[in-house]
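Student:
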Amino acid sequence: SSPTTQCGVNVNVFSVYPVPILWSQHLDNSDLVSLFGGLFPRGADQEYSAFRVGMVRFGMTDFRLTPHIDNLEVANSFAVTNCFCSQFSRGVYAIFGFYDKKSVNTITSFCETLHVSFITPSFPAEGMNQFVLQMRPDIKGPLVSLVEYYKWEKFAYLYDSDRGLSTLQVILDTAAEKKWVVTAINVGNLKDERKDEAYRSLFQDLEIRKERRIILDCEQDKVKDIMEQVITIGRHVKGYHYIIANLGFVDGDLSKIQYGGANVSGFQIVDFDDPVVAKFDQGWEALEEKEYPGADTRIRYTSALTYDAVNVMTEAFRFLHKQRIDMSRRGNSGDCLANPAVPWAQGVEIERALKQVRVDGLTGNIQFDQYGKRINYSVTVMELKNNGPVKIGYWNEVDKMVVTKSDLYPNDTMGMENKTVIVTTILEAPYVMLKKNSELFVGNDRYEGYCVDLAAEIAKHCGIRYQLRIVGDGKYGARDAETKIWNGMVGELVYGKADIAVAPLTITLVREEVIDFSKPFMSLGISIMIKKPQKSKPGVFSFLDPLAYEIWMCIVFAYIGVSVVLFLVSRFSPYEWTLEEPEDGALPLTTESNNEFGIFNSLWFSLGAFMRQGCDISPRSLSGRIVGGVWWFFTLIIISSYTANLAAFLTVERMVSPIESAEDLAKQTEIAYGTLDSGSTKEFFRRSKIALFDKMWQYMKSAEPSVFVKKTSEGVLRVRKSKGKYAYLLESTMNEYIEQRKPCDTMKVGGNLDSKGYGIATPKGSPLRVPVNLAVLKLNEQGTLDKMKNKWWYDKGECGFKDSTNKEKTSALSLSNVAGVFYILVGGLGLAMMVALVEFCYKSRAEAKKMKEEVFSRSMSRLPGNSPRQESVDTARVLCVLSPASAFNLGKAGHFRGEGSGKSCGRTA
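Quick note on full-length UniProt numbering: the sequence shown kicks off at 1 and runs consecutively.
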């Protein structure tokens with residue numbers, strides 16, 4: 001282990017542990033010991049591990065490296081001063097460490113005063129610092145060249161003040177020369193507790209300014225924070241371009257932004273394809289993470305610079321030992337706070353030896369100029385593609401920007417011929433379904449459906465092999481409002497898990513921003529599915545349906561009114577009054593006039609006319625005939641209209657739907673309605689600015705229990721079991737298909753709420769996009785798409801074609817259609833019998849009472865003073881009451897002389 005010191009506040013002590021056998025060799029016990037210091041900030045675990053590996057790797061031959069390591073807060077100038085002085089007092093020959101904007105001046109000042117060399121992988125310091133070696137190359141040249149290559153004329157430059165203003169000054173000078181419009185923003189002074197909010201606000205302001213080309217000149221941790229907020233507010237999509245201005249393009253996690261559609265470029269100082277780096281990487285992976293924190297991940301560029309710094313120091317000290325230069329200190333040269341300060345005499349020799357080092361390290365050629373800055377270095381230019389970071393060229397001081405054209409934007413299917421394309425899809429009838437006994441099949445043969453046939457046609461036209469794979473979460477694809485992560489099939493394309501999506505995937509704006517769509521292979525719209533209402537069975541009095549009940553009431557009142565008017569005009573008109581004519585030319589028995597249109601005869605006349613029947617009486621007066629004429633005209637129109645509608649109402653069984661349109665849904669709350677929880681239909685309502693659809697969205701998102709369903713099959717099942725209390729909003733094509741499936745109890749109501757299409761999706765920049773698009777167009781022109789739809793929608797339908805009708809059922813009347821007529825007939829006959837019985841009983845009761853009176857009168861006639869003639873008449877009268885025929889026979893027998901007919905029985909005085 002190595003010596004350590006406690007030099008300031010919040011200082012942790014580190015020790016050097018043995019490294020694995022891969023790098024370990026026997027260290028001789030030579031008396032040649034090189035002392036140097038190390039200042040590491042908190043959180044630099046991987047950098048410290050690389051430092052320790054470098055000490056063992058490069059200190060194995062002719063001398064031993066002995067470091068003094070301190071861990072501190074580099075932003076604390078007091079702690080930096082204490083640690084630096086502590087290191088210097090122990091006689092270190094050079095110091096390796098990090099600094100930031102708050103401590104850089106302190107360190108450079110000590111180095112200049114005490115002639116102590118300071119080797120650092122931190123950002124290049126401003127000015128001419130003789131005793132500071134900058135391991136990190138300057139990025140100004142590569143950055144300006146890349147901006148020129150992309151021909152940017154307007155962009156935003158976000159920089160961290162920790163890195164100084166030198167790069168900004170070069171950008172502004174170049175902008176003035178080339179007439180660029182640059183918006184420079186310092187993001188280094190944001191408070192940690194509100195930085196996320198500040199980043200979001202910043203990018204929203206840039207969006208207002210139409211700034212979609214942005215340079216991020218920050219360290220990797222700050223770049224990570226910024227990109228997370230970029231994803232959160234959706235600025236990682238097509239149309240945006242970011243340049244990450246540091247030397248560790250592959251160090252950050254770019255997976256979330258990789259498939260968003262935005263262009264991302266940057267630089268890489270560590271070439272992992274280089275044999276030197278590959279060999280180191282092999283040993284790095286073999287390290288134990290517990291002993292070497294950070295060894296479980298690929299080495300970062302700052303760690304690589306640390307490793308190379310150990311290499312540089314080792315080479316410099318080896319050279320000094322070979323030259324037998326005395327590096328011991330004398331007098332006050334070990335006290336950094338001496339007054340006056342005493343510089344170290346050998347410090348200049350060490351500084352010169354360090355600058356003369358020239359080696360090949362993990363970061364390429366390592367060489368310094370007289371000011372301690374890297375020269376003759378090369379950096380790789382990177383771009384983020386769908387398959388990850390890709391080299392597009394390199395930059396060096398001689399050739400400047402060199403771009404490899406062949407690496408840019410492949411646009412053909414070469415390379416796909418020998419690859420099995422992963423086709424993501426979703427189990428959704430009739431698009432993709434498992435075959436019966438699917439377990440007996442393997443691969444694509446397990447599935448059938450419209451999209452299965454479509455995928456086969458696309459593969460045939462594009463000449464590719466493919467494998468169908470069902471999406472894991474069973475969703476189409478939506479972006480989470482908080483995390484901005486895509487799920488479903490869209491997510492599988494965005495995050496590189498699939499090459500193409502062949503499914504009922506709706507083409508929308510938000511999806512188009514992160515993936516590419518082909519031309520629509522099917523057009524559709526959002527529709528409403530409800531449970532099919534039961535056919536309305538005809539009621540007992542369904543024969544009344546052709547006319548509204550209000551009309552029937554008016555007809556009744558008109559009938560009564562006409563009868564009353566006819567009665568009145570008949571009473572007022574003298575032409576309706578006549579004398580009764582006697583039979584056989586006999587003289588009239590009375591001089592009173594007779595009027596046939598009493599109130600009951602008037603009602604009978606009106607009823608007969610309404611029923612299109614005749615009557616044995618008719619008006620004689622002009623006024624009466626006018627009343628009869630207008631009534632006949634009225635009944636003609638009413639009966640004709642009734643007859644015209646009667647056939648339709650009696651022969652057609654109608655279904656009364658409670659919902660006919662989206663307006664009907666929105667204005668009621670009794671029937672719940674919802675959509676798929678993750679799909680374009682839900683997104684349509686969420687984003688809609690139309691008042692009607694916004695009202696529906698507000699209802700759906702606040703409804704309890706939730707009206708959203710995870711799968712379309714769940715929504716259909718909910719419709720069927722809700723007894724008409726749930727409506728499901730889905731694509732019209734799916735609605736039409738389900739309507740054709742047993743138990744045939746759902747139906748589509750109203751028109752489509754919008755117009756859209758299904759498309760085949762591919763990742764951004766995929767070489768499959770163009771051939772797939774051409775294949776869809778060809779299939780459409782050949783009519784293949786229409787044939788496939790008819791096959792899976794109607795040819796395999798279970799409920800018959802939508803427009804088919806059963807003529808026999810619609811032309812035949814059932815008993816239930818006319819049952820009310822029979823009920824009225826039977827009721828009328830029964831009522832007539834009852835009336836006749838009542839009349840008979842009433843008349844019999846009256847006549848029986850009268851007979852009693854007659855019998856009493858006859859008994860009284862036998863008393864003295866009564867005439868026999870009167871008794872004979874009374875007897876005949878009694879017989880007449882009992883039976884007119886008996887009275888008539890009695891008269892013929894001579895008992896009733898002078899009354900020659902049965903008629904006279906009724907007129908006997």
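By construction, the Cβ of each residue, glycine as well, lies at the ideal position given by its N, Cα and C atoms.
Quick one: give me the first and last residue of the beta strand (DSSP E) that E383 is part of.
Tutor: S378 to K385 is the extent of the beta strand (DSSP E) around E383.
Student: Which residue from E148, L143 and V540 puts its Cα closest to that of R166?
Tutor: This sequence places Ser at residue 166; Arg is not what is there. Of the listed residues, the one whose Cα sits closest to S166 is L143.
Student: Which of the three DSSP states, helix, strand or coil, is assigned to W180?
Tutor: The answer is coil: DSSP assigns W180 none of H, G, I, E or B.
Student: Can you grab the Cα-Cα spacing for the pair F280 / Y394, in whole Å?
Tutor: Rounded to the nearest angstrom, the two C-alpha atoms are 22 angstroms apart.
Student: Kindly indicate the opening and closing residues of the alpha helix (DSSP H) around Y549.
Tutor: Unbroken alpha helix (DSSP H) run through Y549: Y549 to F572.
Student: Buried or exposed: Q740, going by 16 or more other Cβ atoms within 10 Å of its Cβ?
Tutor: Label assigned to Q740: buried.
Student: Could you spell out the range, first to last residue, of the beta strand (DSSP E) harbouring E781?
Tutor: No beta strand (DSSP E) contains E781, which is instead part of the alpha helix (DSSP H) from R769 to E781.
Student: My assumption, with CB atoms under 8 angstroms, is that L768 sits in contact with I515. Please give the rounded CB distance.
Tutor: Actually they are not in contact, since the Cβ atoms of L768 and I515 sit about 12 angstroms apart, beyond 8 angstroms.
Student: From this set, F441, E285, T681 and K689, which residue's C-alpha is nearest L730's C-alpha?
Tutor: If we check each option's Cα against that of L730, T681 comes out closest.
Student: Which residue marks the beginning of the alpha helix (DSSP H) containing S49, and which one marks its end?
Tutor: S49 -> alpha helix (DSSP H) spans D45 to F58.
Student: Could you tell me whether the region 175 to 186 touches the region 109 to 127, where touching means 3 or more Cβ pairs closer than 8 angstroms?
Tutor: Verdict: no, contact absent.
Student: Among G266, S678 and M734, whose alpha-carbon lies nearest the alpha-carbon of A481?
Tutor: It is S678.
Student: Can you pull the DSSP bridge partners for I139?
Tutor: BP columns for I139 are empty, so no partner.
Student: How is the beta strand (DSSP E) around F517 delimited, first residue to last?
Tutor: Looking at the DSSP string, the run of the beta strand (DSSP E) that includes F517 is I515 to F517.
Student: With DSSP as the reference, label G614 as helix, strand or coil.
Tutor: Reduced to three states, the DSSP call for G614 is coil.
Student: To the nearest angstrom, report how far apart D786 and C451 are at their CA atoms.
Tutor: So the two alpha carbons sit approximately 13 angstroms from each other.
Student: Just reading off the alpha helix (DSSP H) that L165 is part of, what are its end residues?
Tutor: Neither: L165 is in no alpha helix (DSSP H) and is coded neither H nor E.
Student: List the endpoints of the continuous alpha helix (DSSP H) containing I366.
Tutor: Careful: I366 lies outside any alpha helix (DSSP H), inside the beta strand (DSSP E) at G364 to I366.
Student: Buried or exposed: where does W632 fall if 16 or more other Cβ atoms within 10 Å of its Cβ makes it buried?
Tutor: Classification of W632: exposed, given that the 10 Å Cβ count is below 16.
Student: Hey, R625 and Y575: beta-carbon distance below 7 angstroms or not?
Tutor: No, the pair does not count as a contact, with Cβ atoms beyond the cut-off.
Student: What whole-angstrom Cβ distance do D160 and K222 have, given they're in contact under 8 angstroms?
Tutor: Contact holds; Cβ gap of about 6 angstroms.
Student: In chain order, which continuous runs of the beta strand (DSSP E) of length 3 or greater are located wholly inside the region 422 to 496?
Tutor: Listed in chain order, the complete beta strand (DSSP E) runs (minimum 3 residues) inside the region 422 to 496 are 465 to 470.
Student: Could you tell me which residues DSSP puts in a beta bridge with A175?
Tutor: BP columns for A175 are empty, so no partner.
Student: Based on DSSP bridge pairs, tell me the residues matched to T578.
Tutor: Looking at the DSSP assignment, T578 forms a beta bridge with N594.
Student: Checking 7 angstroms against the spacing of the C-beta atoms, do S816 and L524 come in under that value?
Tutor: No. Outside cutoff.
Student: My output table needs one value for G97: the three-state DSSP class, helix, strand or coil.
Tutor: Three-state result, G97: strand.
Student: Assign F888 to one of two classes, buried (16 or more other C-beta atoms within 10 Å of its C-beta) or exposed (fewer than that).
Tutor: Note that F888 has pLDDT 41, beneath the 50 cutoff, so the model's placement of it is unreliable and no number is given.
Student: Nearest CA to the CA of L692: which residue from E289, K756, A703 and L665?
Tutor: With distances taken between Cα atoms, L692 lies closest to L665.
Student: Using 8 angstroms as the threshold, is the region 604 to 620 in touch with the region 546 to 562, meaning 3 or more CB pairs across them?
Tutor: Segments in contact, yes.
Student: Could you please give the first and the last residue of the uninterrupted beta strand (DSSP E) stretch that includes K545?
Tutor: Sequence check: residue 545 is Asp here, not Lys. Element bounds for D545: n/a, residue is neither H nor E.
Student: Taking the straight line between their C-alpha atoms, what separation do you get for L172 and F249?
Tutor: The straight-line gap from Cα to Cα measures roughly 24 angstroms.
Student: Between which two residues does the beta strand (DSSP E) harbouring H68 extend?
Tutor: R64 to L72 is the span of the beta strand (DSSP E), which, as asked, contains H68.
Student: What's the gap between the Cα of I637 and the Cα of W552?
Tutor: One C-alpha to the other measures close to 14 angstroms.
Student: Could you pull the start and end residues of the beta strand (DSSP E) that D217 belongs to?
Tutor: From DSSP, the beta strand (DSSP E) with D217 extends over R213 to D217.
Student: Taking the straight line between their C-alpha atoms, what separation do you get for residue 982 and H68?
Tutor: Outside the shown range of the chain, which is 1 to 909, sits residue 982, and nothing can be said about it.
Student: Please decide whether G393 counts as near chain C, where near means a Cβ-Cβ distance under 7 angstroms.
Tutor: Protein chains in the displayed structure number just one, and chain C is not present.
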